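Below is one structure, written out as structure tokens; the observations come after it.
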Amino acid sequence: MNKRFDLLDEKFETLTANQLVLTRRVDEAEAQGTDHERRIQALEQSLAEVRQTNMKLHSKLDDLEGRSRRNNIKIVGIPEGEEKGRPTEFVTSLIPKLLEQGNLAKQVIVDRAHRVPMPRATSTQRPRSIIARIHFYQEKEMLLRLSRQNQLVYNGARIFIYPDYTADVMTQRRGFRDVMQALREKEVTFILRFPARLQVNYEDQVKVFNSPAEAVAFIDRLQK
């Protein structure tokens, strides 16, 4: 009996020692878990701050890029090579030809011009657009207005002049494409204002939509 009790004592002591080791490990694991949770919370907070800062920087960068393009126009449809390596002089002489000299009070000053930086288009591809910086903002606005009022043609090809927006602004504005088509079909007057706000004139009221979803809901109400 004594030997059996001695064996039980030894096993109990072993179990007790193992239990102490396990308890210590659990305590260490809990402490590490608490530390990891604290560090994760700190990282999540830092990440949220970085995201917020990144959004602010992105907004400022987009604003700066937009301001740098403020005097630019985009000329679409001019065949490749027509500028013969002298795009600024070409655009300077092109503008009065497209818009007719009688519509212009004086020669429009073009600071610089270039094709969009992408591989040269082949004969079967759409020619690259020409980006031109107009010296005076008022003259740039005048060119856009005249281009909307007149059909522009160069050597038999239809030419279009658009504002030169950033990629983000263009993406936002494209979101209203289907909405604007629906408004045209319903003969509702609208203006897409910068950067991407749709102003609709309907029944002597002016409504402004900041997102395509808002405009779609308005069209749905018109249909009903």
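The sequence shown begins at 1 in UniProt numbering and counts up one residue at a time. Every residue gets a Cβ at the ideal spot worked out from N, C-alpha and C, and that includes glycine. Being a predicted model, the structure only gives us computed values, none of them experimental.
- The way I'd put it, the segment 154-168 does touch the segment 60-72; three or more beta-carbon pairs between them come closer than 8 Å.
- Note on geometry: alpha-carbon atoms of residue 218 and residue 95 lie some 39 Å from one another.
- Taking the Cα of residue 129 as reference, the smallest distance to any Cα among 92, 145, 73 and 151 is reached at 73.
- Straight through space, the alpha carbons of residue 143 and residue 79 are spaced by roughly 20 Å.
- With 16 or more other Cβ atoms from the protein chains shown falling within 10 Å of its own Cβ, residue 90 counts as buried.
- Cα atoms of residue 221 and residue 172: separation of roughly 23 Å, rounded to the nearest angstrom.
- Counting the other CB atoms within 10 Å of its CB gives residue 123 a total below 16, which places it among the exposed residues.
- The secondary-structure analysis by DSSP pairs residue 190 across a beta bridge with 200.
- Cβ-Cβ distances below 6 Å link residue 213 to nothing in the same chain once the five nearest sequence neighbours on each side are left out.
- When rounded, the separation of the alpha-carbon atoms in residue 117 and residue 31 is 57 Å.
- Here the C-alpha atom of residue 132 lies approximately 50 Å from the C-alpha atom of residue 40.
- A distance of 9 Å or more separates the beta carbons of residue 137 and residue 38.
- Distance between residue 92 and residue 49, taken at the CA atoms: about 48 Å.
- Where residue 110 is concerned, the enclosing beta strand (DSSP E) starts and stops at 110-115.
- Taking C-alpha positions only, residue 108 is separated from residue 139 by approximately 7 Å.
- Put simply, the backbone Cα of residue 56 is about 15 Å away from that of residue 46.
- Nearest neighbour of residue 205 by Cα position, chosen from 151, 190 and 126, turns out to be 190.
- For residue 207, there is no enclosing alpha helix (DSSP H); the enclosing beta strand (DSSP E) covers residues 205-209.
- In this structure, the alpha-carbon of residue 111 lies about 12 Å from that of residue 86.
- Remark: C-beta atoms of residue 154 and residue 98 approach each other more closely than 9 Å.
- Rounded to the nearest angstrom, the gap between the Cα atoms of residue 199 and residue 114 is 33 Å.
- In this structure, the alpha-carbon of residue 183 lies about 14 Å from that of residue 203.
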